[in-house]
Every structure is written in structure tokens, then in C-alpha cells.
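Taking the working numbering as reference, the numbering of the sequence shown is continuous, increasing by one, and the terminal residue is 1726.
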Amino acid sequence: MRNSPHGPRRISLMNLTVFRRFLRAWYRRRRRSLPWRENPDPYRIWISEVMLQQTTVSAVVPYFERFLAAFPTLHDLAAADEEAVLRCWEGLGYYRRARHLRQAAQQVVRDWGGQIPKNPAELQSLPGVGRYTAGAIASIAFDERAPILEANTQRLHCRLTGLDDPRSAAAQRSLWSFAEALLPDRGRGAGEINQALMELGSQVCRPEAPHCGVCPVSQFCEAFRTGRQEEIPRTAARPKVTEWVEAAVALFRTAPHRRPLGERQVDAGREWLLFRRLESERWPGLWDFPRFAIADGGGLAPTPQQIAARLLEAFGLRARGLEPAASIRHSVTRYRFLLHGWRGEWAGGRSTTARETRWVGTSELSQTPMPAPGRRIAAQLLFDSKSARG
Ligand code: SF4
């Protein structure tokens, strides 16, 4: 397949005024009601656009509302503790986004007196703000003539222009130029056009079986004209899934200042050892139980002796009374993990890793930002603790 030479020529000749009119009319009728669209101030737009990176709208909505309740203004976010921000983000994934948001809020307070800049180039100087996010904030919040290109609009523009493969640098330049060409002048509704394009890409020009019969701009579409809408854009082969087996050990000690309240309330006096995940690891900045890779037992659970040996080898820690706590399956990008959760009493040893460590009481686990598998183990510990109290 070739990249169609007709796409850009057709677009340069097409009637942009009519294209925008059809698109706007469709968007005003069909747009979904979303919380960040109701009160589109720059801070809310910014939070929503960062949350929407790599994440679906339905997953984002509850997080957006919770985040705005916790940090209603940019100043609140700038002044917030990083752990509070991460805890609020917990479960949404790609945690660097949350840390960058807080750092960027601090930069806006420090360098721009708390006013989010309008200019896409200035926006891109903020941590975590790339060309797409800058274009979205500048156009939607300030009606600047700033183009956007994300997964939905990239697919849409490939089909509109008949571009088979968007992956080369030249193709990307062409798509960004096209995205810009579609926009009206500054102050004339560029933000609405950008939102309409994203909505059209997500709701109508879907990856498979696009709804061309109800598409408001089908008359301008090169893929539709040539019947190639199912073939464009060409997609890369899915990366091979890698299976991975890990163990995490919830190590406890009886805290000197947390006197056990009785035999059936034993967890009330326990503290659990957590490690802060490194920048180079998955879930950077979050707290987790000691976790390490173990050999795939072919469906057989590891023995306490194997877990103890790996805990000593990977973390320099000894444990006694090891017992299984929970087995969890989870996926991260192309990795499928089987995590064996264990619980045991710390029996000495000091951490030999570069990670920051912390002992946390059972009830404090719920305040501590953790990755999803660690949270499930913590939930099991809390459940056991409550069950023990009867
Ligand atoms: Fe997408 Fe079909 Fe509309 Fe073309 S006509 S933009 S392929 S939905």
C-alpha cells in the first residue's frame, strides 16, 4: 500500500468552511456531556487532558471528579503533598502524569503568578505537557489556533487524507499540518473544532467498522471515497505478550509504640515494611511491599523456603512464619503478571536496595499511595485485621 498523494491535495482544495460547519453542527447535537466540558476553565481542561492521555473517558470521569474535589484550584495542587496527589491518582496508572501535574502547578505559581499560560510554546515548557496537551489547553481554554493530534484524530486524519501509515516523521509532519489547516483563526472557535474532531474520531470514525453512514464529513473523506476505511491506517503488529511471575511479601513487625490490644486484635499493633519504587521502575514514587521475580513454577505455588531465599537475596531481609496471603493476576502494557502475595514476620536484616523504606501501621496503609497489586494485598491485610477483631 502507498501513502495516497491525493489526500493533502484534496484537503487543500476542499471547502473548509463547509467542512467546519458540518462538523460543528454534528458536535453540537451529539457531543457527550462530560464534567470538564461543563465548566471549561484552563485548570480543569488541563487536568482532564492529562488524565485522558492513554486512558478512556469512562475511566477518567470518576477520577476527574475526585481529583477536583481534593485539589479544586491550581494553587491547591501546587501546595499539595506529593503522596496525597499520588493517592488520589491511584488506579489511573502512568503515575508520572500525577507527579508532573503537581510540579507543573508549582512552576505556574512560581513563574506565571498562578495563571496558566495561553501560548502553546510556553505550555510545553511545563513538565508532562507535550505538543498535544499544549494544543488542547491553548485551543479549548483560550481559543488559540493550536492543532492537536492524538490517537483518535490521527486515525481520523489518516482516513480523511488517505494516508496509509502515520508512523514516519514525514507522515507526522503532514498530519500536524493537516490538523492545523482545519482550524479557524484565533478566537473563532478552534477549541470547539478540536473537540469535535476528537469526538468524531472516538464516536464515529472508530478503529474498527467506522460509522461512515452517519459521518458528517464523509463527503470530504478519501478513505470513504476509495472504500479503504477499514484498511487505513495500517496498524503495527501487536507486541508479543510476556508472562512474568513475581512474589511480594508483606513483612510485619510488632511496633514498640503500638501495644497489641488483645489476642484477636493482633494487627492493630503491627507495622508493615514498604519500599518506595524507584524512578526507573514501574509505578515510580509509589509504595510497595518487597517484590521480586521468582521462577515460574508451572502452576505450582512457591514454597516458603523459596520465598525466604529470594527475599534475602533481593532485599537482604529475613522472615519467619511465611504464609500465602493472596495470588493476583494483573497486566501492564504487554506484560502479564502472576503475583504471589505472602505475609511473614520480619526476622532481621536491613534493606540492601537503594529504595527508601518505611514502616506503616495497618490502618495507615489506606493513606499510602500504592500500585494496584500492592493495594489488593493491603486490602487483604485490612480485611484479615477486621475479621480478627470480629
Ligand atoms: Fe471516518 Fe468513515 Fe467519516 Fe471517513 S467517512 S472520516 S472513514 S467515519
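Cβ coordinates follow ideal geometry from the N, Cα and C atoms, glycine included.
- Each of Phe1588, Ala1629, Gln1703 was checked against the Cα of Trp1695, and the nearest Cα belongs to Phe1588.
- Look at Leu1485: its beta carbon is at least 7 angstroms from all of the heavy atoms in the ligand SF4.
- Separation of the CB atoms of Ile1381 and Ile1476 is rounded to 5 angstroms, and the pair is thereby assigned contact status at 8 angstroms.
- Per the Cβ contact rule, the region 1454-1464 is in contact with the region 1425-1436 (3 or more Cβ pairs under 8 angstroms).
- In this structure, Arg1495 has its beta carbon less than 7 angstroms from a heavy atom of the ligand SF4.
- Scanning the region 1429-1498 for uninterrupted alpha helix (DSSP H) segments of 4 residues or longer gives 1432-1448, 1456-1459, 1467-1478, 1487-1497, listed from N- to C-terminal end.
- C-alpha of Phe1719 to C-alpha of Ala1586: approximately 14 angstroms in a straight line.
- Counting the other Cβ atoms within 10 Å of the Cβ of Val1550 gives fewer than 16, which makes it exposed.
- Assignment of Ala1532 by DSSP, reduced to helix, strand and coil, places it in the helix class.
- Contact annotation: Ile1529 and Leu1511 have beta-carbon atoms that are not nearer than 8 angstroms.
- Each residue's CA atom was taken as its position, placing Ile1568 and Ala1507 some 13 angstroms apart.
- In the three-state scheme derived from DSSP, where H, G and I count as helix and E and B as strand, Glu1419 is classed as helix.
- In terms of CA proximity to Glu1700, Arg1423 leads the group Arg1423, Arg1357, Gly1684.
- When Cβ pairs closer than 8 angstroms are counted between the two stretches, the region 1385-1395 is seen not to touch the region 1576-1584, the count staying below three.
- Within the DSSP bridge table, the entry for Thr1578 names Tyr1671 as partners.
- The three-state reading of DSSP puts Pro1371 in helix, counting H, G and I together.
- Boundaries for Thr1562: no alpha helix (DSSP H) harbours it, and the DSSP string shows neither H nor E there.
- Pairing Glu1426 with Arg1711 gives a Cβ-Cβ distance under 8 angstroms.
- Boundaries for Ala1629: no alpha helix (DSSP H) harbours it, while the beta strand (DSSP E) harbouring it runs 1627-1629, taken from the DSSP string.
- Taken through DSSP and simplified to helix, strand or coil, Asp1624 comes out as strand.
- Under the 8 angstroms Cβ criterion, the region 1443-1450 counts as touching the region 1396-1415, having at least three qualifying pairs.
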